[in-house]
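Worksheet: the structure to be examined is printed underneath.
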Amino acid sequence: MTATTTAPQGPAPTMVVTECDHDAFLQEEDVARAAGATFRVEQAHDRAALERTCADADGILVQYATIDGPLMDALPRLRVIGRYGVGVDSVDVQAATERGIAVCNVPDYGTEAVSDHAIGLALAVARGIPLLDRGVRAGRVDLPKVRPLHQIAGRTFGVVGLGRIGRATARKAAGLGYDVVGFDVLATPGTDYRGVRAVTLDELCAAADVVSVHVPLHEGTRGMIGPEQLALMGPTAVVVNTARGGVVDTDALVAALGQGALGGAAIDTHDVEPLPTDHPLTRFDNVVLTPHLAWYSEESYRELKRRTAQNVVDVLAGSPPREVVNPEAWGRGRTAHLATQPIGA
Numbered sequence: 018m019t020a021t022t023t024a025p026q027g028p029a030p031t032m033v034v035t036e037c038d039h040d041a042f043l044q045e046e047d048v049a050r051a052a053g054a055t056f057r058v059e060q061a062h063d064r065a066a067l068e069r070t071c072a073d074a075d076g077i078l079v080q081y082a083t084i085d086g087p088l089m090d091a092l093p094r095l096r097v098i099g100r101y102g103v104g105v106d107s108v109d110v111q112a113a114t115e116r117g118i119a120v121c122n123v124p125d126y127g128t129e130a131v132s133d134h135a136i137g138l139a140l141a142v143a144r145g146i147p148l149l150d151r152g153v154r155a156g157r158v159d160l161p162k163v164r165p166l167h168q169i170a171g172r173t174f175g176v177v178g179l180g181r182i183g184r185a186t187a188r189k190a191a192g193l194g195y196d197v198v199g200f201d202v203l204a205t206p207g208t209d210y211r212g213v214r215a216v217t218l219d220e221l222c223a224a225a226d227v228v229s230v231h232v233p234l235h236e237g238t239r240g241m242i243g244p245e246q247l248a249l250m251g252p253t254a255v256v257v258n259t260a261r262g263g264v265v266d267t268d269a270l271v272a273a274l275g276q277g278a279l280g281g282a283a284i285d286t287h288d289v290e291p292l293p294t295d296h297p298l299t300r301f302d303n304v305v306l307t308p309h310l311a312w313y314s315e316e317s318y319r320e321l322k323r324r325t326a327q328n329v330v331d332v333l334a335g336s337p338p339r340e341v342v343n344p345e346a347w348g349r350g351r352t353a354h355l356a357t358q359p360i361g362a
């Protein structure tokens with residue numbers, strides 16, 4: 018699908034969606050039109066296609082494409098990268114900074130949706146709901162298969178990462194009656210951090226009946242829930258991941274589930290997406306899988322699209338965007354001249 022708007026005067030910057038599985042792009046097109054920028058949607062899924070379709074791009078909107086230094090060099094007009102979402106792990110931020118290319122994200126668009134989903138997944142596994150549902154449809158009562166089932170009161174909910182989404186999840190878990198503890202690299206164990214009782218990661222894993230992960234993926238968090246952490250959890254504990262697939266060591270998780278060392282898992286984000294139908298996680302009745310859609314609600318969907326486009330427009334207009342991952346890139350290299358150059362001028 019391709020949509021185009023044209024600036025009414027002057028040289029119009031070009032905004033290109035590199036690839037995206039959204040069903041429409043009306044919000045982005047409206048933002049681009051209001052700013053006098055041209056806008057189009059491509060579906061470029063490899064390096065050659067990205068170089069070809071984005072050669073004239075002043076700004077790109079990216080869903081999953083890998084944007085690294087060599088690709089940036091192949092796109093000489095590129096000044097801003099807008100990422101659909103919170104994480105920017107598919108973008109080489111350091112390479113962008115070195116070239117003066119702004120990298121923008123939308124870190125808080127899905128706070129309510131993702132935290133809702135995390136709570137829903139936790140309850141689904143803890144109460145055995147998917148397995149019970151399948152039993153009813155087959156004319157069975159599968160209580161023996163889902164025992165032990167526990168009430169929420171008296172159970173502990175552990176939140177790994179106390180950013181916006183983590184705090185929202187903690188708030189909702191507490192509202193349900195869980196005792197909530199949290200771990201964050203910025204929190205001092207034994208203190209109250211942003212309304213949550215902070216503990217070490219090991220303490221959280223040892224104490225929590227639900228371990229819900231809410232950290233970005235980078236080298237410091239890759240595999241942070243691994244064999245050692247899983248071994249600290251009890252045999253009824255549930256692991257929930259709505260962050261990034263690489264944060265939880267999938268092989269270790271499969272091994273723990275296979276040994277009966279965990280009560281279950283609920284995974285929305287995966288190492289490989291879409292998740293293969295024969296993936297080992299699909300074999301467990303006590304695992305709930307969703308297709309990286311925790312972020313979605315009608316409200317968050319519209320907000321994500323509008324704000325991703327607005328960030329790109331702001332940079333091209335010479336205005337600091339609402340959210341920029343690498344502010345040190347502003348005013349140097351390819352963005353050195355933007356502070357005095359409005360779009361369409």
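Count along the sequence shown from 1, then add 17; that gives the number in the numbering used here.
For glycine and all other residues, C-beta sits at the position ideal for the given N, C-alpha and C.
By the Cβ rule, the region 317-335 counts as touching the region 96-114, because three or more pairs are nearer than 8 Å. The Cβ-Cβ distance between V163 and G137 does not fall below 8 Å. Under the DSSP assignment, R324 falls outside any beta strand (DSSP E), being part of the alpha helix (DSSP H) whose first and last residues are 315-333.
Along the region 147-174, the alpha helix (DSSP H) occurs as fully enclosed runs of 4 or more residues at 160-163, listed in sequence order.
If you check the CB distance, V213 and A254 do not come in under 8 Å.
Between G280 and P252, the C-beta spacing is below 8 Å.
Taking the Cα of A273 as reference, the smallest distance to any Cα among E245, T294, V289 is reached at E245. Residue range 119-121 is occupied by the beta strand (DSSP E) that includes C121, with no alpha helix (DSSP H) assigned at that position.
Going by DSSP, A61 is part of no alpha helix (DSSP H) at all; its letter is neither H nor E.
A residue is called buried once 16 or more other Cβ atoms fall within 10 Å of its Cβ, and S336, having fewer, is exposed.
The beta carbon of A311 sits closer than 6 Å to those of V131, H134, T259, D285, all from its chain and outside the five residues before and after it, given in chain order.
No residue range can be given for M250, since it is assigned to no alpha helix (DSSP H) and is classified by DSSP as neither H nor E.
Taking the Cα positions, M89 is about 19 Å away from R57.
In this chain, the beta strand (DSSP E) harbouring D196 covers 196-200. Under the 10 Å beta carbon count, P28 is surrounded by fewer than 16 other beta carbons and is classified as exposed.
The continuous beta strand (DSSP E) containing I98 extends over residues 97-100. Beta-bridge analysis with DSSP links I84 to V108.
In the same chain as T238, and ignoring 5 residues on each side of it, the C-beta atoms closer than 7 Å to its own belong to V232, V264, in chain order.
A direct Cα-Cα distance of roughly 16 Å separates A74 from H62.
For V230, the uninterrupted beta strand (DSSP E) segment begins and ends at 227-230. I242 and F174 have their C-alpha atoms roughly 16 Å apart. For I136, the uninterrupted alpha helix (DSSP H) run begins and ends at 128-143, by DSSP. Between A51 and M32, the beta carbon gap of about 12 Å keeps them out of contact (Cβ cut-off 8 Å). For T186, the enclosing alpha helix (DSSP H) covers residues 181-193. Counting of Cβ neighbours within 10 angstroms places D266 among the buried residues, the total reaching 16 or more. Cα atoms of E316 and D40: separation of roughly 15 Å, rounded to the nearest angstrom.
In the DSSP assignment, M32 forms a beta bridge with F56, G76. Per DSSP, G350 has no beta-bridge partner at all. Comparing alpha carbon positions, the residue from E236, R151, V176, T205 closest to A223 is V176. Look at the region 264-306 and you find these whole runs of alpha helix (DSSP H), each 4 residues long or longer: 267-275. Only residues of its own chain outside the window of five on either side were considered, and among them Y126 have a CB closer than 6 Å to the CB of E320, listed in chain order.
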